[in-house]
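Start counting the sequence shown at -6; every next residue gets the next number (this note's numbering).
Here a beta-carbon is modelled for each residue, glycine too, at the ideal position from N, C-alpha and C.
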Amino acid sequence: MVESKVRHILGLSGGKDSTALAVLLHKEIPEMEYFFCDTHKELPETYEYLDRIKARLGIKIHYLSETRGFDYWLAIHDGLLPSPQRRWCTAKMKIKPLEDFVGDDEAISYIGIRADENRDGYISTKPNIKPVFPFKERGLVKADIIRLLEESGIGLPDYYRWRSRSGCFFCFFQRKYEWVMLAQEHPDLFQKAVEYETNHADGRTYTWTDGESLLQLLARKDEIIAQHEKSMAKEQKAAPNRPLYESLEKILGQEDDELPCLMCYL
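Structure (structure tokens):
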């Protein structure tokens, strides 16, 4: 009896850590299968970044999708928007497509959690999918990730100018500054997010952020941006040699009270 071959898989999120992991491993493991779980609700910058990765590394990326789409599952959940407490979008549109892609094959999944991150875990409980953490095993930290990206010529995704993580354009983990910047960078996508809050036949209203609609938040745009700029100036004064994206990441990270899903944000 011929033993089945173990598959090697690496999920790309459109973020810096998973991309740096692909840079690190694409020559070491030529049989690696790269995938991106595509909700079709991603930022344009994410797709552009994936194209850059493919071109620079010469790899193929499998785009995995839940065929019925976000709107189908939103209807199944009676219009209840996903939230930190109800992450049905992750389960239905990220984890399930991956598990369907792997099936019952034995697979090693390479995950880009760094050695300087105090978190662990994995997005699948299937026993045939074994997670490994090369950055942790090799003691690689954020500075190493940036070096890998710079040396590869891939660099950072463009959305890092105003947003600290990858993910759907309406992701509920966005901070208030990121929401108002979405309105500025992609007003059409912001409007779609507003429609998801308000378009319910029975008149109900759900909000992406707790206790405040997007239109209410946008009305405070000047206040939110001013507070953000004040925080950025303070960070830059404290660490003048720190890159702007790191200051942005630190400031927005201070607002976190929930850990986002690993599948979306690595």
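Exercise. What separation, rounded to the nearest whole angstrom, lies between the Cα atoms of I69 and C82?
Worked result: 12 Å
For this session: Over the uninterrupted alpha helix (DSSP H) stretch that includes L3, give me the two end residues.
Result: L3 -> not in any alpha helix (DSSP H); beta strand (DSSP E) instead, spanning R0 to G4.
Problem set entry | Assigned secondary structure, P127 (DSSP; H/G/I helix, E/B strand, else coil) | helix
Problem set entry | Of the listed residues A15, R61 and V173, nearest to T32 (C-alpha basis) | R61
For this session: Measure how close the beta-carbons of E99 and R197 come, nearest whole angstrom, since I'm counting them as under 8 Å.
Result: 45 Å between Cβ atoms; not a contact.
For this session: Would you tell me roughly how many angstroms separate the C-alpha atoms of D71 and F163, rounded to the nearest one?
Result: 18 Å
Problem set entry | Buried versus exposed, by CB contacts within 10 Å (16 or more), A186 | Burial call: buried.
Exercise. Nearest to E285 by alpha carbon, out of D93, Y103, K85 and G160?
Worked result: The structure shown does not extend to residue 285, since the chain spans only -6 to 259, so no value can be given for it.
For this session: Jot down the residue ranges of each uninterrupted alpha helix (DSSP H) in the stretch 4 to 86, minimum 4 residues, whole runs only, in chain order.
Result: 9 to 18, 37 to 50 and 62 to 69
Exercise. In or out: V(-5) buried (at least 16 other Cβ within 10 Å) or exposed?
Worked result: Here the model assigns V(-5) a pLDDT of 49, short of 50, so the residue's position is not dependable, and the following value carries that caveat. Exposed: under 16 other Cβ atoms inside 10 Å.
Exercise. Excluding sequence positions up to five away, which residues of its chain have a Cβ less than 6 Å from the Cβ of V134?
Worked result: R107, A108 and D109
Exercise. Alpha carbon to alpha carbon, what distance is there between H193 and P127?
Worked result: 45 Å
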